[in-house]
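Enquirer:
Numbering (this note's numbering), first residue to last: 21 to 94.
(1) With DSSP collapsed to three states, give me the class of residue 43.
(2) Taking only the alpha-carbon atoms, compute the straight-line gap between residue 27 and residue 73 and give it to the nearest angstrom.
(3) Between the segment 70-85 and the segment 21-38, do three or more beta carbon pairs fall short of 8 Å?
(4) So is residue 62 buried or exposed if we call it buried at 16+ other beta carbons inside 10 Å?
(5) Between which two residues does the alpha helix (DSSP H) holding residue 77 run?
(6) Which value, in whole angstroms, describes the spacing of the CA atoms of residue 45 and residue 80?
(7) From residue 64 to residue 35, what does the alpha carbon distance come to, in whole angstroms?
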C-alpha cells in the first residue's frame, strides 16, 4: 500500500516539476523578448525560479524514502 503512495508522490512531483520548469522558462523567454537589454537580470531570476521548482521533487523523494522504509510509522 505504501509502495503505491510513494509511486504517486514521486510521479506527481516529477510532473509538477516539469510543468513548473516550463512555466518559468516560458516567462523568461517572454521577458527577454519584451526587454532584451535586461536579459542578465531576468536570467538570474529565472535560474532562481528553476532551482526552487527543482527542489520540490528532491523533497518529495526524501519523503518517499522515509515513507517507504518506515512504512508510515513516524
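All residues carry an ideal CB built from backbone N, CA and C; glycine is no exception. From a predicted model like this one, the values you see are computed outputs, not experimental measurements.
Expert: To lay it out plainly:
(1) Taking the chain shown and counting its residues from 1, the one referred to as residue 43 is at position 23. Residue state, collapsed to three classes: helix.
(2) Within the chain shown, numbered from 1, the residue matching residue 27 stands at position 7. Within the chain shown, numbered from 1, the residue matching residue 73 stands at position 53. Rounded to whole angstroms, the gap between the alpha carbons of residue 27 and residue 73 is 19 Å.
(3) They touch, by the three-pair rule.
(4) Along the chain shown, one-based indexing puts residue 62 at 42. Around the C-beta of residue 62, 16 or more other C-beta atoms lie within 10 Å, and the residue is accordingly described as buried.
(5) As a working mapping, residue 77 is identified with position 57 in the chain shown. First-last of the alpha helix (DSSP H) with residue 77: 59-90.
(6) Locating residue 45 in the chain shown gives position 25, where the first residue counts as 1. Locating residue 80 in the chain shown gives position 60, where the first residue counts as 1. Those two C-alpha atoms are separated by around 22 Å.
(7) As a first step, residue 64 must be located in the chain shown, where it is residue number 44. As a first step, residue 35 must be located in the chain shown, where it is residue number 15. Roughly 24 Å separates the two Cα atoms.
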